[in-house]
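Asks:
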Amino acid sequence: MLTHLDSQGRAHMVDVTEKDVTFREAVAEARVRMLPETLQMIVEGGHPKGDVFAVARIAGIQAAKKTSDLIPLCHPLMLTGVKVELTAESPDTVHILARCKLSGQTGVEMEALTAASIAALTIYDMCKAVDRGMTIEHVRLLEKLGGKSGHFIADEQVNAQ
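Here the working numbering is used: the sequence shown runs in plain steps of one and ends on residue 981.
#1: How is the beta strand (DSSP E) around Arg851 delimited, first residue to last?
#2: With DSSP run on the structure shown, which of helix, strand or coil describes Ser923?
#3: Between the beta-carbon of Arg844 and the beta-carbon of Gly901, is there less than 8 Å?
#4: What distance in whole Å lies between the Cβ atoms of Ala932 and Ala918, which are believed to be in contact at a cut-off of 8 Å?
#5: Thinking Ala939 and Ala850 are a contact (beta carbons under 8 Å), I'd like their distance in whole angstroms, please.
#6: Measuring only the C-alpha atoms, how far is Thr913 from His971?
#7: DSSP on Val902, reduced to helix/strand/coil?
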């Protein structure tokens with residue numbers, strides 16, 4: 821059932837007024853593939869624009885907080901925790917893991933996905949002058965906790981089908 825459509829098929833924001841406040845958490849990931857030389861430059865701190873991982877981390881956190889400004893039917897949320905981790909995976913990949921938490925009436929999946937996506941786009945933006953062929957891959961929800969639909973783990977979902 822598509823909850824963002826009313827009985828006439830028009831888009832609308834879901835009313836969560838009557839939903840219970842519960843703890844909710846979501847984890848999303850993204851990967852940025854690049855030339856090995858580009859990854860080496862990032863890891864060694866040799867990028868002329870500065871610390872790529874630090875800037876991408878801050879961008880991801882800011883993006884999570886602004887998700888409702890970017891996605892029209894998303895509720896503005898009072899996030900209580902946002903963590904963005906970036907890891908170099910040799911020889912050519914940055915793995916991004918974004919975790920968002922709150923106690924609220926709706927989930928934080930979109931915030932985690934937005935954080936991972938914007939962190940990846942920030943890496944691209946900072947490094948495009950040296951590597952325009954970078955690709956952003958595998959943006960996906962890994963895990964979701966809380967709410968009526970319960971606990972979701974991506975790989976378990978794939979294996980269950």
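Glycine residues also receive a C-beta, built at the ideal position from the N, C-alpha and C atoms.
Replies: This is what the structure gives:
#1: Thr842 to Arg853
#2: strand
#3: no
#4: 5 Å
#5: 7 Å
#6: 29 Å
#7: strand
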